[in-house]
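Trainee: So that we are looking at the same thing, I have put the structure below in structure tokens.
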Amino acid sequence: MTLDGDAIVWCGNAFGTANGKTAHGLVRFTERYRVRCVVDPDCAGSDAGVLLGGPPAGIPVVATVAEAVERFPATHLVIGLAPDGGRLPPEGRAAVVEALRAGLNVDSGLHDFLGDDPELVALAAERNLVLHDVRRTPERRFLHGFSGRIREVGALKVAVLGTDSAVGKRTTCTLLVAALRDRGFAAEMVGTGQTAWMQGVKHGLILDSMINDFLSGELERAMLSAWEDGNPQVICIEGQGSLLNPAYPGGYEILAACRPERVVMQHAPTRKEYDGFPGFAIEPLLQQVRLVEAVSKARVAAITLNHEGLAPDEIDAACAELSRETGLPCCDPLVHGLDAVLDALAPGIPARVPAR
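Dropping the structure here:
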């Protein structure tokens with residue numbers, strides 16, 4: 233795809249936390265922007281890739297929008313903050329105003345729509361700039377109901393679900409598609425959140441702002457789009473929230489509408505409570521695996537580990553423990569790669585069919 237432009241990613245003070253997941257995704261991978269820098273005063277002076285536990289990404293973290301604009305020519309400010317509830321904080325709005333005055337377009341994936349703010353709209357119009365609210369859904373007349381055509385999809389359908397929100401489902405899904413392609417399989421991804429759109433995922437929807445009556449139909453439509461456009465052997469679907477999450481229950485709509493044959497379950501073993509909700513204990517991993525298989529025809533094929541809170545020398549033991557608990561292969565995608573997951577999926581992957 234063609235790049236939308238050079239981006240400054242604003243993250244408030246959340247880089248390296250669960251609320252910085254959109255910025256993290258853009259640092260790790262995006263085909264939509266060329267990321268020039270991240271704005272986060274708490275992490276200024278560091279390389280964004282190193283802060284995420286990887287190699288240098290060549291993406292510096294700076295303290296202010298003013299510094300970013302002065303040092304890095306850009307066309308866009310992208311909101312990389314993903315706070316609970318998806319609200320734009322006052323300091324985020326101030327960053328948007330500063331960016332508009334500096335001549336930058338602004339892309340936001342939050343629920344507070346920039347296009348509903350008269351001052352921001354006026355500032356953008358004066359400078360011929362674009363405010364893009366990624367979570368704004370199409371008008372209802374353009375939405376689709378469920379048709380049953382999901383049965384036409386001949387690819388192996390793999391849902392990447394998780395035991396909590398902000399646990400790494402999108403990152404694992406992205407890496408899984410890349411790993412499948414590296415092994416010679418034709419694979420496509422269906423994105424379901426704003427970050428996937430910002431990363432340039434071709435097929436998908438913004439699940440958590442979709443009207444419920446059209447949710448299954450729009451999921452089905454995204455699956456059909458991936459199937460008809462890419463002729464894949466495997467379609468990987470990014471999960472949202474988690475089945476039993478009290479604030480962000482998600483995953484069942486993917487199981488019901490997309491009809492996956494396999495599920496990869498992402499889990500952070502050091503999390504004992506749902507992210508952002510003290511006192512709400514995360515149900516045991518095995519219980520959540522059994523729940524997926526009880527409410528759908530899908531089989532959980534593998535566990536993927538989020539290593540937050542683990543020392544490097546604890547990761548292998550944590551994977552071994554989760555494998556022992558569930559009887560399933562387990563790996564850390566960022567440390568081990570995904571060969572174990574691919575080995576579990578490979579027997580169900582169909583032969584390449586002729587292009588339609």
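Going from the sequence shown to this note's numbering is simple: count from 1 and add 232.
We treat Cβ as the ideally placed atom computed from N, Cα and C, and that holds for glycine.
1. Checking 9 Å against the spacing of the C-beta atoms, do residue 424 and residue 472 come in under that value?
2. Suppose contacts are defined by Cβ-Cβ distances below 9 Å. Is residue 255 in contact with residue 246 by that definition?
3. Identify every run of the beta strand (DSSP E) within the stretch 304-344, keeping only runs that are complete inside it and at least 3 residues long; order them along the chain.
4. Roughly how many angstroms separate the alpha carbons of residue 312 and residue 264, rounded to a whole number?
5. Which residue comes first and which comes last in the alpha helix (DSSP H) that contains residue 551?
6. With a threshold of 8 Å, establish whether the CB of residue 257 neighbours any heavy atom of the ligand NAD.
7. Compute the distance between the beta-carbons of residue 469 and residue 524, then report whether it is under 9 Å.
8. Tell me whether residue 298 is buried or exposed, calling it buried when 16 or more other Cβ atoms sit within 10 Å of its Cβ.
9. With a 10 Å radius around its C-beta and 16 neighbouring C-beta atoms as the bar for buried, classify residue 444 as buried or exposed.
10. Pick helix, strand or coil for residue 362, following the three-state DSSP scheme.
11. Return helix, strand or coil for residue 579, following the three-state DSSP convention.
12. Give the secondary structure of residue 399 by DSSP, where H, G and I count as helix, E and B as strand, and everything else as coil.
13. Give a yes or no on whether the C-beta atoms belonging to residue 364 and residue 336 are separated by under 9 Å.
14. Once DSSP output is grouped into helix, strand and coil, what is the label at residue 511?
15. Mind checking residue 582: buried by the 16 CB within 10 Å criterion, or exposed?
16. Less than 7 Å between C-beta atoms, sequence neighbours within five positions excluded: which residues of the same chain meet that for residue 331?
17. Would you identify the three-state DSSP class for residue 350, choosing helix, strand or coil?
18. Since residue 475 contacts residue 462 with CB under 8 Å, what's their CB separation in whole angstroms?
19. Between which two residues does the alpha helix (DSSP H) harbouring residue 453 extend?
20. Looking at the C-beta of residue 292, does it have a partner C-beta in chain B at a distance below 9 Å?
21. Only counting the same chain, and skipping five residues up and downstream in sequence, which positions put a Cβ closer than 7 Å to that of residue 346?
22. Within the same chain, show all residues whose beta-carbon is closer than 6 Å to that of residue 541, passing over the 5 residues directly before and after it, in chain order.
23. How many whole angstroms separate the CB atoms of residue 455 and residue 422, which I take to be in contact at a CB cut-off of 8 Å?
24. Let me check one thing: in DSSP terms, what residues is residue 279 bridge-paired to?
25. Once DSSP output is grouped into helix, strand and coil, what is the label at residue 438?
26. Do you know how far the Cα of residue 493 is from the Cα of residue 354?
27. Quick one: grab the DSSP three-state call for residue 591.
28. Could you compute how far the alpha carbon of residue 378 sits from the alpha carbon of residue 457?
29. Taking 6 Å as the limit between beta carbons, can you name the residues of its chain near residue 500, skipping five residues before and five after?
30. Looking at residue 406 and residue 253, is the spacing between their C-beta atoms short of 9 Å?
31. What residues in its chain sit with their C-beta under 8 Å from that of residue 504, if we drop five residues either side in the sequence?
32. Are the beta-carbon atoms belonging to residue 295 and residue 279 less than 9 Å from one another?
33. Out of 554, 358 and 479, which has the shortest C-alpha to C-alpha gap to residue 518?
34. Closest to residue 451 by C-alpha separation, out of 375, 417 and 413, would be which residue?
Mentor: With the given structure in hand:
1. Here the question's residue 424 lines up with position 192 in the sequence shown. Here the question's residue 472 lines up with position 240 in the sequence shown. It is a contact, given that the beta carbons lie within the stated cut-off.
2. In the sequence shown, counting from the first residue as 1, residue 255 sits at position 23. In the sequence shown, counting from the first residue as 1, residue 246 sits at position 14. Result yes, Cβ atoms of residue 255 and residue 246 sit closer than 9 Å.
3. Whole beta strand (DSSP E) segments, 3+ residues: 308-311 and 337-340.
4. The count along the sequence shown starts at 1 and reaches residue 312 at position 80. The count along the sequence shown starts at 1 and reaches residue 264 at position 32. C-alpha separation (whole angstroms): 14 Å.
5. Here residue 551 refers to the residue found at position 319 when the sequence shown is read from its first residue. Here the alpha helix (DSSP H) through residue 551 covers 547-558.
6. The ligand content of the structure shown is nil, which means the ligand NAD is not present either.
7. Here residue 469 refers to the residue found at position 237 when the sequence shown is read from its first residue. Here residue 524 refers to the residue found at position 292 when the sequence shown is read from its first residue. The Cβ-Cβ distance between residue 469 and residue 524 does not fall below 9 Å.
8. The count along the sequence shown starts at 1 and reaches residue 298 at position 66. Result: exposed.
9. Numbered from its first residue, the sequence shown carries residue 444 at position 212. Exposed, because fewer than 16 other Cβ atoms sit within 10 Å of the Cβ of residue 444.
10. On the sequence shown, residue 362 is found 130 positions in, with the first residue counted as 1. The answer is coil: DSSP assigns residue 362 none of H, G, I, E or B.
11. Walking along the sequence shown from the start, residue 579 turns up at place 347. The answer is helix: DSSP assigns residue 579 an H, G or I state.
12. The sequence position of residue 399 within the sequence shown is 167, counting from 1. Three-state DSSP puts residue 399 in coil, outside helix and strand.
13. For the purposes of this step, residue 364 is taken as the residue at position 132 of the sequence shown. For the purposes of this step, residue 336 is taken as the residue at position 104 of the sequence shown. No; because the gap between Cβ atoms is not below 9 Å, this pair is not in contact.
14. Residue numbering aside, residue 511 sits at position 279 when the sequence shown is read from its first letter. Here residue 511 sits in coil by DSSP.
15. Stepping through the sequence shown from its first residue, residue 582 is reached at position 350. Around the Cβ of residue 582, a 10 Å sphere holds fewer than 16 other Cβ atoms; the residue is exposed.
16. As a first step, residue 331 is located in the sequence shown; it is residue number 99 there, counting from the start. Exclusion of the five residues before and after residue 331 leaves 297, 309 and 338 as the residues of its chain whose Cβ lies within less than 7 Å of its Cβ.
17. Within the sequence shown, residue 350 is the residue found at index 118, counting from 1. Three-state result, residue 350: helix.
18. Locating residue 475 in the sequence shown gives position 243, where the first residue counts as 1. Locating residue 462 in the sequence shown gives position 230, where the first residue counts as 1. That pair is no contact at about 28 Å.
19. On the sequence shown, position 221 is the one that residue 453 refers to. Annotation for residue 453: the continuous alpha helix (DSSP H) segment containing it runs 444-462.
20. Of the protein chains in the structure, only one exists, and it is not chain B.
21. As a first step, residue 346 is located in the sequence shown; it is residue number 114 there, counting from the start. Cβ neighbours of residue 346 beyond the five flanking positions: 328, 338, 340, 352, 363 and 365.
22. Within the sequence shown, residue 541 is the residue found at index 309, counting from 1. Apart from the 5 residues on each side of it in sequence, residue 541 sits with its Cβ closer than 6 Å to the Cβ of 502 in its chain, given in chain order.
23. Residue mapping note: residue 455 aligns to position 223 of the sequence shown, counting from 1. Residue mapping note: residue 422 aligns to position 190 of the sequence shown, counting from 1. For residue 455 against residue 422, the beta-carbon gap comes to about 6 Å, under 8 Å, which counts as contact.
24. Here residue 279 is taken as the residue at index 47 of the sequence shown, counted from 1. Per DSSP, 292.
25. Within the sequence shown, residue 438 is the residue found at index 206, counting from 1. It is coil, neither helix nor strand.
26. The residue given as residue 354 occupies position 122 in the sequence shown. The residue given as residue 493 occupies position 261 in the sequence shown. Rounded to the nearest angstrom, the two C-alpha atoms are 49 Å apart.
27. For the chain, the structure presents residues 233 to 588; residue 591 sits outside this window and is missing.
28. Against the sequence shown, residue 378 aligns to sequence position 146. Against the sequence shown, residue 457 aligns to sequence position 225. Distance from the CA of residue 378 to the CA of residue 457, rounded to the nearest whole angstrom, comes to 14 Å.
29. Residue mapping note: residue 500 aligns to position 268 of the sequence shown, counting from 1. The answer, listed in chain order, is 399, 538 and 540.
30. Position 21 of the sequence shown holds residue 253. Position 174 of the sequence shown holds residue 406. Annotated as distal: residue 253 and residue 406, with beta-carbon spacing of 9 Å or more.
31. Counting from one through the sequence shown, the residue named residue 504 turns up at place 272. Close CB contacts of residue 504 within its chain, under the 8 Å cut and outside five residues either way in sequence, are with 513 and 514 (chain order).
32. Mapped onto the sequence shown, residue 295 falls at position 63. Mapped onto the sequence shown, residue 279 falls at position 47. At least 9 Å separates the beta-carbon of residue 295 from that of residue 279.
33. On the sequence shown, position 286 is the one that residue 518 refers to. Ranking 554, 358 and 479 by Cα distance to residue 518 puts 554 first.
34. Mapped onto the sequence shown, residue 451 falls at position 219. Of the candidates 375, 417 and 413, the one whose C-alpha sits nearest the C-alpha of residue 451 is 375.
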